Amino acid sequence: MPSNSEYTIFICEGTGCVSGKSHEIRLALEQKIAEQGLSNVKIDFTGCHGFCEQGPIAIIEPDDIFYTRLTVEDVDEIVQSHFIEGKPVERLFFKDPVSGKAIPLYKDINFYRKQQRIILRNCGHINPEKIEDYIEREGYNALKTVLGKMTPSQVIEEIKKSGLRGRGGAGFPTGMKWEFCQKEQSDIKYMICNADEGDPGAFMDRSIMEADPHTVIEGMTIAAYAIGANEGYIYIRAEYPLAVKRLRIALQQAEDMGFLGDNVLGSDFSFIIHVNEGAGAFVCGEETALMASIEGKRGMPRPRPPFPAQSGLWGKPTTINNVKTLATVPVIINKGSEWYAKIGTEKSKGTAVFALTGKIANSGLVEVPMGMTLREIIYDIGGGLIGGRDFKAVQNGGPSGGCLPASALDLPVDYERLAAAGAIMGSGGMIVVDSQTCMVDLAKYFLSFTQEESCGKCVMCREGTLQMLKILEDITEGKGKEDDIDLLLELSKAIQAGSLCALGGTAPNPVLTTIRYFRDEYEAHIREKRCPALVCKNLITFYILPDKCQGCGICKRGCPVDAISGDKRMIHIIDQNKCIKCGNCLDVCPERFSAVTKVSGEKIEVPEELIAVGSWQNSESEEKL
Amino acid sequence: MATTVINVLNQYSRDRRNLIPILQKVQEKEKYLSSESISEISIYLGISENDVYSVASFYSQFRFIKPGEHTVKVCLGTACHVRGGARVLETVERELKIKPGQTTADGKYSLETVACIGACALAPTMVLDNEVQRSMTPQKVVDLLKSKNKAENDAK
Ligand SMILES: Cc1cc2nc3c(=O)[nH]c(=O)nc-3n(C[C@H](O)[C@H](O)[C@H](O)COP(=O)(O)O)c2cc1C
Ligand code: FES
Chain U
1266 MPSNSEYTIF
1276 ICEGTGCVSG
1286 KSHEIRLALE
1296 QKIAEQGLSN
1306 VKIDFTGCHG
1316 FCEQGPIAII
1326 EPDDIFYTRL
1336 TVEDVDEIVQ
1346 SHFIEGKPVE
1356 RLFFKDPVSG
1366 KAIPLYKDIN
1376 FYRKQQRIIL
1386 RNCGHINPEK
1396 IEDYIEREGY
1406 NALKTVLGKM
1416 TPSQVIEEIK
1426 KSGLRGRGGA
1436 GFPTGMKWEF
1446 CQKEQSDIKY
1456 MICNADEGDP
1466 GAFMDRSIME
1476 ADPHTVIEGM
1486 TIAAYAIGAN
1496 EGYIYIRAEY
1506 PLAVKRLRIA
1516 LQQAEDMGFL
1526 GDNVLGSDFS
1536 FIIHVNEGAG
1546 AFVCGEETAL
1556 MASIEGKRGM
1566 PRPRPPFPAQ
1576 SGLWGKPTTI
1586 NNVKTLATVP
1596 VIINKGSEWY
1606 AKIGTEKSKG
1616 TAVFALTGKI
1626 ANSGLVEVPM
1636 GMTLREIIYD
1646 IGGGLIGGRD
1656 FKAVQNGGPS
1666 GGCLPASALD
1676 LPVDYERLAA
1686 AGAIMGSGGM
1696 IVVDSQTCMV
1706 DLAKYFLSFT
1716 QEESCGKCVM
1726 CREGTLQMLK
1736 ILEDITEGKG
1746 KEDDIDLLLE
1756 LSKAIQAGSL
1766 CALGGTAPNP
1776 VLTTIRYFRD
1786 EYEAHIREKR
1796 CPALVCKNLI
1806 TFYILPDKCQ
1816 GCGICKRGCP
1826 VDAISGDKRM
1836 IHIIDQNKCI
1846 KCGNCLDVCP
1856 ERFSAVTKVS
1866 GEKIEVPEEL
1876 IAVGSWQNSE
1886 SEEKL
Chain V
747 MATTVINVLN
757 QYSRDRRNLI
767 PILQKVQEKE
777 KYLSSESISE
787 ISIYLGISEN
797 DVYSVASFYS
807 QFRFIKPGEH
817 TVKVCLGTAC
827 HVRGGARVLE
837 TVERELKIKP
847 GQTTADGKYS
857 LETVACIGAC
867 ALAPTMVLDN
877 EVQRSMTPQK
887 VVDLLKSKNK
897 AENDAK
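Listed below in structure tokens is the structure:
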């Protein structure tokens, strides 16, 4: 039966889906629909839905059908079956990783069902390059309310009552921050949006700017009005080209429509926003370093006080807020502080956005009310671990954060409780790991990151992190000493005390929490020279199991350093002196043989020279004979 | 070459705040910051070359040697790290026979590392000439570089 319905298909064109060729898919759809002369189908695109792992993604309205993992090859079938015959294409539905069931509708997918999207409310539902789409969903209403009916002090009061705290990491009360700046007497003040998103493994700020740039602009303009600033800067990572592009488009549109510029909406408040691209320095996410960078200097933090509210950019009173903090502001104005303050826990109001990644089944952006437990986030929304494997740890808050073990899964997530457990809310990176991740290696990873990114100003941060890194390297290479753990703890304290900014102040957190919760792993490395997760290269060995090898030669061909000897139907042998432990042999050995193994702290006996498949008898079995 | 730099400079006022945007624009046009460019910028902004270098060398985005025709950036962010980013990097290193920060002898490829490109759900990732490559494996690295080389040879 031919379909008469009107359809709109929204293709996701966020960074993730674009990497899966979603733009080409949209072009192919446009062409196909033109060829078929279908007038009942509209094609549009959105920013990131936050479910990038399933991408490229498309949503078809009004049915609310959710298609996943699209390719250009799927276009013909979608047009024929869905748009012409009215039959959605089942094989493109989302498959629940737990039940294995195909789920056609967006709203039924567990990943979305259990979320409460306030900050991400528009992401995936509007075309980020059309201001009309934003306006249709209450966009710029809050700005109109503020300029038309509220004094700056009333705006600040409203934000204070909402309980909103900064989403950039430290959780400082936003209303209070604005008030400090408002009270300063100065003809020039600045409003800055911190879009540096330096935590490696977090991408919520990118998604918001790509999917809903106007909400950031609106929030920032309201903040500027409240503090009395006429000039603003968005400091954004250069690694986010698409977000930069969409922000620039949005700024132009907002200016054209009178939401920015001289006399915003006919009021006597004027505001302009500049975009500054970062240049690849993590420390520039720190507010005083960020301002130095905008001023054209090396991005090095300076002591506070004076706080930016008193002396910020070019010495003028300045307020700096994170992207998510600002994206929340219009909603609070529209729906009221009372409504907002009902969400979340006693001291942490509202929602938190996490970038759920790592060994998780449903990887993506998750927004939940504060106070939800880690278990609900990881299992109910995230669908548990890939392949149903066991949870080992979750790393929160990036290089400044901590690793929490399974015993913390029932912890309700908010600023206070995460801090008490040794982690931090941070920017919202949430990386789930399983037994294949070595906690010592992970701690070393974070420390090498902070060590590299330390600006070098404070001796303890610069040299102390280097010493810690060296100790961790020793441990992972099997050269650890018995008192290394104590030394790490001691160094941590000194670095925390002797660093000016939170980069150094929090750098030991990943080490401290892994020692606190996974001390046995450190001890296995130090005492037994064993890496239980089979990760640390110096402590692992690859073997070809002589009783399983069928002499097929696949591993030999796949070895990049010719470390495998063997012949047809002969048992293959790895030359341990040549082996670089790349793991290719393990990858390529056919599953039905499973003849390659990786071990730590044990030796497997193998033939010394080539012998025929089936003729292997190890010394143990000989003894038994 | 100097004219490109001068064209860039003319778009900006002679104000220190424009230093980083200028460095970025010059690098975008010329792919790196040559000592001639640094010197032009220093004269234009009226700050010492030393000062320009001190800022440029602080930020990992800036390069001072000419990069290869193609750039491979391997992500070593946390999400990519726990899903095998190091193996991706090792494979690229082996295939191209260079380390991060280096360029192949034929000037074709440069290798860089990056700490997260914001596509963490697709980890491990790498970027080949501005195109994000998702869910990389050592095998996919080998295939990708092969097909890139083949496409180039065919084009010739
Ligand atoms: C090393 C370091 C990196 C930081 N990186 C960021 C960042 O990428 N984004 C961010 O919003 N805040 C970052 N911060 C926190 C900022 O200094 C600042 O507290 C925040 O932008 C304030 O905004 P909020 O009140 O809205 O949270 C960082 C802090 C430190 C010490
Ligand atoms: S960690 Fe690699 S893309 Fe974010």
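Chains U and V supply the protein sequences, listed in that same order. If you count the first sequence from 1, you need to add 1265 to reach the numbering used here. If you count the second sequence from 1, you need to add 746 to reach the numbering used here. Ideal Cβ placement from N, Cα and C applies to all residues, glycine included. These numbers were taken from a predicted model, which means no experiment stands behind them.
Beta-carbon proximity of Gly1564(U) to Ala1554(U), cut-off 8 angstroms: yes
Is any heavy atom in ligand 1 found nearer than 7 angstroms to the beta carbon of Asn1541(U)? no
Is Ser806(V) helix, strand or coil by DSSP? coil
Presumed contact (8 angstroms Cβ cut-off) between Ile1740(U) and Ile1791(U), rounded CB distance: 6 angstroms
In the structure shown, what three-state DSSP assignment does Val1220(U) receive? Residue 1220(U) lies beyond the residue range present for chain U, which begins at 1266 and ends at 1890; the question has no answer from this structure.
Which chain U residues sit within Cβ distance under 7 angstroms of Glu836(V)? Cys1847
Taking the DSSP output, what are the residues bridged to Glu1280(U)? Residue identity differs from the one stated: residue 1280(U) is Thr in this sequence, not Glu. DSSP lists no partner for Thr1280(U).
Kindly identify the DSSP beta-bridge partner or partners of Tyr1808(U). Thr1862(U)
Between Leu1335(U) and Leu1357(U), is the Cβ-Cβ spacing less than 8 angstroms? yes
From Lys1307(U) to Tyr1272(U), what does the alpha carbon distance come to, in whole angstroms? 6 angstroms
Output the distance between the C-alpha atoms of Thr1730(U) and Phe808(V), rounded to the nearest integer angstrom. 25 angstroms
Taking Cβ positions only, does Ile766(V) come closer than 8 angstroms to chain U? yes
Can the beta-carbon of Ser1665(U) be found closer than 8 angstroms to that of Ala1767(U)? yes
At a cut-off of 7 angstroms, is Phe1445(U) close to ligand 1 when judged by its beta-carbon and the heavy atoms of the ligand? no
Within 8 angstroms, do at least three Cβ pairs link the segment 1516-1527 of chain U to the segment 1600-1620 of chain U? no
Are the beta-carbon atoms belonging to Pro870(V) and Arg829(V) less than 8 angstroms from one another? yes
C-alpha gap between Phe1310(U) and Ser1284(U), whole angstroms: 15 angstroms
Rounded to the nearest angstrom, how far is the Cβ of Gln1660(U) from that of Ile1696(U), given a contact under 8 angstroms? 4 angstroms
Please name the residue or residues paired with Asn1661(U) in a DSSP beta bridge. Gly1667(U) and Met1695(U)
Let's see if you can read the secondary structure: which residues bound the alpha helix (DSSP H) around Pro1775(U)? Asn1774 to Arg1792
What would DSSP say about Trp1387(U), mapped onto helix, strand or coil? In the sequence as presented, Trp is not what sits at residue 1387(U); that position holds Asn. Of the three classes helix, strand and coil, the one that applies to Asn1387(U) here is coil, per DSSP.
From what residue to what residue does the alpha helix (DSSP H) around Val772(V) run? Leu765 to Glu776
Buried or exposed by the 16-neighbour rule on C-beta atoms within 10 Å, applied to Trp1443(U): buried
When the Cα atoms are used, what is the spatial distance from Thr724(V) to Gly847(V)? Since the first residue shown for chain V is 747 and the last is 902, residue 724(V) is missing from the structure and cannot be characterised.
Is any beta-carbon of chain U found at less than 8 angstroms from that of Gln770(V)? yes
Given a threshold of 16 other Cβ atoms within 10 Å of its Cβ, counted over all protein chains shown, does Asn1375(U) qualify as buried or as exposed? buried
On the premise that Ala1467(U) lies in contact with Gly1281(U), defined as a C-beta separation below 8 angstroms, what is that separation, rounded to the nearest angstrom? Gly1281(U) to Ala1467(U), Cβ: 14 angstroms. No contact.
Proximity of Phe1359(U) and Gln1319(U) at Cβ, strictly below 8 angstroms: yes
Where does Arg1834(U) land, buried or exposed, given buried means 16+ other C-beta within 10 angstroms? exposed
Nearest chain V C-beta to Glu1551(U) closer than 8 angstroms, yes or no? no
With the cut-off set at 8 angstroms, would you say Ile1598(U) and Glu1717(U) are in Cβ contact? no
Which bits of chain U does Arg809(V) rub up against, with CB to CB less than 7 angstroms? Residues of chain U passing the Cβ test: none, with the nearest at roughly 11 angstroms.
For Asp1812(U) and Lys1794(U), I'd like the C-alpha separation in whole angstroms. 27 angstroms
C-beta neighbour in chain V for Arg1511(U), strict 8 angstroms: no
Which residues of chain V have a Cβ atom closer than 8 angstroms to the Cβ of Gln1716(U), listed in chain order? Going along chain V, no residue has its Cβ under 8 angstroms from Gln1716(U), so there is no contact; the nearest lies around 13 angstroms.
Quick check: is the beta carbon of Gln848(V) nearer than 8 angstroms to any beta carbon in chain U? no
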